[in-house]
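Before any comments, here is the structure.
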Amino acid sequence: MSLIIRNISSLREEWKQLVKKKVKKNKRKNQYTLPYSFDNSKNNNNNKTDLLLIVKKIPNTIPNNNVFRLKTNIQFSMNINNDHSMGSLSIDPHSNNYKVVRTDRRKNLTILTLDQINRPITPSDDLYQIFKTRNEQLADAFLMFDQRNLDSSKFKLNQIQEMIEFESHIKGSPYACYVQIFENGMWRTFQKIFNEKMLQLLAISEEMLINYCNETQLIPISAFFDASDEQLHVFCKIFCGIVGQVESKRDYINYNGQRFSAALKVKSFFIMDEDKGQLFEYTYFITECDQKWMSEERVRLNELDYFNIKPNNSSTEESSFIEQQKRCGFKQLH
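Under the UniProt record's numbering, the first residue of the sequence shown carries the number 1, and numbering increases by one thereafter.
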C-alpha cells in the first residue's frame, strides 16, 4: 500500500475514535438536595457579588477580511498576512479556511490534520470577476481549475499501485502532499503532509514544525509571495500546474529568508475508497532544486535559534549538555 495512504488510513481511524468518545462526568451525591437558606440575607448578599469569569483562548488565524471559500476548495485572500509566520516562511493560503488540529509523525512524514473554519461560501463567479479585472491570464487559469473540480464524475480514477510506484520514484526529492475529500458535492482538504526532504528545503526541523503548528494552528509554505504582486503570479502557476499536471519555475523562500528559484512538479491521483464510498484526491508538489538548499547544518542552527537553545561551554561531562529554554513558540518578524 502507498506510504501516504497507509498512514492516513490509520490516522483517520484514530481521529474517528477520538470524536466518538464521550466525556463522562460523575454527579456529586445529593447535589440537588443540599439545604439552602433562601431567607438568609448574608447568603443573598454574597450571591449578588459573585462574578463568573470565563477565559477562552482564541487561536491565531487569518482575519476574515477579503477571504474566499469556494465549494471547489480554492483558497484565496486579497491580502497577504504573514503575522505569526514561522521565521521568513510564507503562510499557506489553506490557513485562510483551515486550522491545524493535530500533528503526527510517521517514519519520514510529518502529517498535519486540518479542520475547516466555518466561513460563508463565495460564488465562483465573484472571484472570477475580481481576477479578470486584475489579470486576464489568472482569471482563465482560475476558471479552468474551478471547472475541473466541479464534476467528480469526469475525474479519471487511479489505482493505488500507481501511487506506490510514483512515491518510489520521488522518495529522494522534497515534496508536500495535500489530501482532499469529496463530500456532499464539495471538496475539503483533510491533511497536508511534508516529507523529511521538504522540511530541509524549508530549513526547519520536524520538531520546529510540530511546535509551530500546535502553537498557531497555521500552516507554513515554501512559496514566496511578492506583496506588490498580491499572490496573483503564484496562484496562476498553481492553477495551471494542477490542471495541466505540468512543471514550472517558482520562487521559493526558506526560514532564513533566503530566496531561490526551483522547479515545481504537480501530480494528482484520484482514488476511490470503495469501502467508505468516498473519493480522495492526493496532490503532490515535488521540488527539484540545487542541493545547497538542502543543508542539514542550516536546519540544526535554525532549530537552536527557534527554541532559543544555548550550548553550555563547560568542559565537565556533567554539564556538557544543551539546555533548552523554549521562551517563544514562533519567531515574529518586525
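Think of the CB as a built atom: it goes at the ideal place given N, C-alpha and C, for glycine as much as any other residue.
Note that the structure is predicted; figures quoted are calculated from it, not measured.
query	result
Cβ pair count under 8 Å reaching 3, the segment 277–294 against the segment 155–171	yes
Distance CB(Ile-74)-CB(Pro-220) smaller than 8 Å	no
Where Gln-147 sits in the DSSP three-state scheme	helix
Beta-carbon contacts of Arg-300 that lie in its chain and below 8 Å, excluding the five residues immediately before and after	Ser-205
Neighbourhood of Ile-58 by C-beta, 8 Å cutoff - its chain only, sequence neighbours within 5 removed	Any answer about Ile-58 is weak, because its pLDDT of 48 lies below 50 and its placement is not dependable; what the coordinates show is given next. Here the set comprises nothing.
3-residue-minimum beta strand (DSSP E) runs that sit fully inside the segment 180–221, ordered along the chain	186–195
Selection from Lys-99, Ser-152, Gln-116 and Tyr-128 that minimises the alpha carbon distance to Phe-235	Tyr-128
Residues that Cys-240 bridges to, as DSSP identifies them	Its beta-bridge partners do not exist; DSSP assigns none.
Which of helix, strand or coil DSSP assigns to Lys-156	coil
Own chain residues within Cβ distance below 7 Å of Asn-214, not counting five before or after	Thr-103
Per-residue DSSP class, three states only, for Glu-297	helix
The segment 248–268 touching the segment 105–114, judged by at least three CB pairs closer than 8 Å	no
Beta-bridge pairing of Ser-77 - partner residues as DSSP gives them	Val-67
Host beta strand (DSSP E) of Asp-251 (start-end)	248–253
Presumed contact (8 Å Cβ cut-off) between Phe-269 and Asn-158, rounded CB distance	4 Å
Chain-order list of residues whose beta-carbon lies under 6 Å from that of Arg-148 (same chain, five-residue window excluded)	Val-243
Paired residues, beta bridge with Phe-260 - DSSP	Tyr-252
Where the alpha helix (DSSP H) containing Phe-131 begins and where it ends	124–134
Whether Lys-99 touches Ile-80 by CB criterion (8 Å)	no
Closest residue to Trp-187 among Ala-262, Val-179 and Ile-309 (Cα-Cα distance)	Val-179
Beta-bridge pairing of Phe-225 - partner residues as DSSP gives them	DSSP lists no partner for Phe-225.
Beta-carbon proximity check, Glu-165 vs Gln-278, cutoff 8 Å	no
Extent of the continuous beta strand (DSSP E) run through Asp-275	Looking at the DSSP string, Asp-275 is not in any beta strand (DSSP E), and its letter there is neither H nor E.
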